[in-house]
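Structure, as structure tokens:
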Amino acid sequence: MWDGKEKKYYYDIETVWSCLKQQKQGIYDHIADGCVFEQYTGRKDKNGKEIYEGDIVSITNTDDDNEILSEVTWGGEDYPAFDLSNYDGYGMNGFSAIYHSSIGEKIEILGNIHKNPKLLEVLEWKQH
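Start counting the sequence shown at 29; every next residue gets the next number (my numbering).
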């Protein structure tokens with residue numbers, strides 16, 4: 029969980045679980061305080077790092093060695109799946125397409141949207 033006030037991540041399950049219960053029960057609004065609950069995708073990058081929602085990744089296409097920067101996103105209730113903000117999955121969800129091809133070996137976490145906000149600027153610039 030990213031704590032926007034403290035500008036740090038909490039990884040211990042007790043803290044995260046307590047905050048989720050308080051949020052769900054309406055006891056305290058962590059989201060209003062800038063807390064973001066990010067989900068683990070179940071996948072790792074080429075260096076063995078766990079990939080989470082909010083990570084900014086570099087994807088190197090094995091066919092032409094072009095690099096694409098993308099944010100890992102969660103679609104929510106309407107689209108309950110992980111996706112990549114600007115990766116064309118060739119008819120598939122972008123995140124799924126990578127892990128159903130040899131490109132999955134070429135994905136690397138560069139940072140995340142909270143600790144590395146400058147990466148978002150680079151990502152937005154490359155999209156235009």
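Every residue gets a Cβ at the ideal spot worked out from N, C-alpha and C, and that includes glycine.
Delimiting residues of the beta strand (DSSP E) encompassing residue i
i, result
"phenylalanine 65", "Phenylalanine 65 -> no beta strand (DSSP E), and no H or E assigned at all."
"serine 98", "95–102"
"serine 86", "83–88"
"glutamate 78", "78–80"
Three-state class that DSSP yields for residue i in the structure shown
i, result
"histidine 156", "Confidence is the limiting factor: at histidine 156 the pLDDT is only 46, short of 50, which leaves the residue's position unreliable, though a coordinate-based value still follows. Looking at histidine 156 - three-state DSSP - the assignment turns out to be coil, as it is neither helix nor strand."
"lysine 74", "coil"
Residue span of the alpha helix (DSSP H) that contains residue i, given as start and end
i, result
"isoleucine 7", "Lying outside 29 to 156, the shown extent of the chain, residue 7 is not represented and no answer is given."
"tyrosine 127", "122–127"
Nearest candidate by alpha-carbon position, reference residue i, set the options
i, options, result
"isoleucine 59", "Gln67, Tyr68, Leu48 and Thr69", "Leu48"
"glutamate 149", "Glu81, Gln50 and Glu99", "Glu99"
"aspartate 111", "Glu95, Asn94, Lys74 and Gly70", "Gly70"
8 Å contact criterion, which residue i and residue j should meet: CB distance rounded
i, j, result
"glycine 32", "glycine 62", "2 Å"
Straight-line gap, residue i to residue j (C-alpha atoms, nearest Å)
i, j, result
"methionine 29", "tyrosine 68", "11 Å"
"glycine 139", "serine 124", "20 Å"
"lysine 134", "asparagine 89", "7 Å"
"serine 46", "aspartate 93", "44 Å"
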